[in-house]
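Residue numbering for the sequence shown follows the working numbering, beginning at 757 and increasing consecutively.
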Amino acid sequence: MTSKKILIAFGTRYGTTEEIAKKIAEILETQELKTTVVDLKNTKSKNWPSLSEFDGIIVGSGIKIGRWMKEPQKFLKENQEYLKQTEKPLGVFISCALCLTDKEKAINDYLQMVLANLGVQANLMIVFGPLIDFSETSKMGWMAKKMFKAAAIQDLRSAGYTINDNARNDLRDWNAIAEFTHDFARLLQN
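Take a look at the structure:
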């Protein structure tokens, strides 16, 4: 019996979504599933893989200033007809700070509404918290750091999160990421 193949396609600004995508791949591979991880931002769209090559598809995006990365949206839009016609499971995840203070709003605004606007239905969707990196080695520029501090830090602290202004603040729930991954793997067994 051949192993099922899963595509994990993502768009990231600062690397948080990429780390989640790689963790999902790592977990799926422990279940003897083959994974292909594609950074949609750094891969030309003409080189994006065909969904017909895979038994399941997972798409992830980071959220910044209330918006998805454009590449995952384009990927879903370009594959809209295929996704409507296939029985292959589709999982979608996002990483955003809003889910820490208003998870229902994050799900509605960044998953349900976006997917509806794209004409795509996911079998499984979830929001994960962010990695907020204020360290010296951060990929976030000083202006992005300043804007994030002004816009979100107080809300996160008010919600009970400890945020270090000069360090990496990993607010992702790795157990939830593993649970999402196991749930997706179960979809492939049906």
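For each residue, glycine too, the CB sits at the ideal point set by N, CA and C. As the structure is a prediction and not an experimental result, all values here were calculated from the model.
Contact between Asp811 and Ile762 holds: their C-beta atoms lie close to 7 angstroms from each other, under 8 angstroms.
The shortest C-alpha to C-alpha distance from Asn931 to any of Gly885, Asp911, Val876 is the one to Gly885. With a cut-off of 8 angstroms on Cβ pairs, the segment 849 to 862 is not in contact with the segment 796 to 811, counting fewer than three such pairs.
The bridge partners DSSP lists for Gly812 are Ile762.
Bounds of the beta strand (DSSP E) holding Met881 are 880 to 884. For Asp795, the beta-bridge partners assigned by DSSP are Phe766. Contact annotation: Met869 and Gly847 have beta-carbon atoms that are not nearer than 9 angstroms. Checking the DSSP bridge columns, you'll see Trp824 partnered with Ile819. Around Ile776, the same chain offers Phe766, Gly816, Phe849, Ser851, Phe884, Arg928, Ile933 as residues with beta carbons nearer than 8 angstroms, after the five sequence neighbours per side are excluded. Judged by pairs of C-beta atoms under 8 angstroms, the segment 783 to 798 touches the segment 823 to 835, as three or more such pairs exist. Residue environment: Thr918 is assigned as exposed (fewer than 16 neighbouring CB atoms within 10 Å of its CB, all protein chains considered). Straight-line spacing of the CA atoms in Lys778 and Lys760 works out to 17 angstroms.
DSSP places Val870 in no beta strand (DSSP E) but in the uninterrupted alpha helix (DSSP H) bounded by 869 to 874. When DSSP reads this structure, Leu944 sits in no beta bridge, so it has no partner. Linking Glu785 to Ser891 through their CA atoms gives a straight-line distance of about 32 angstroms.
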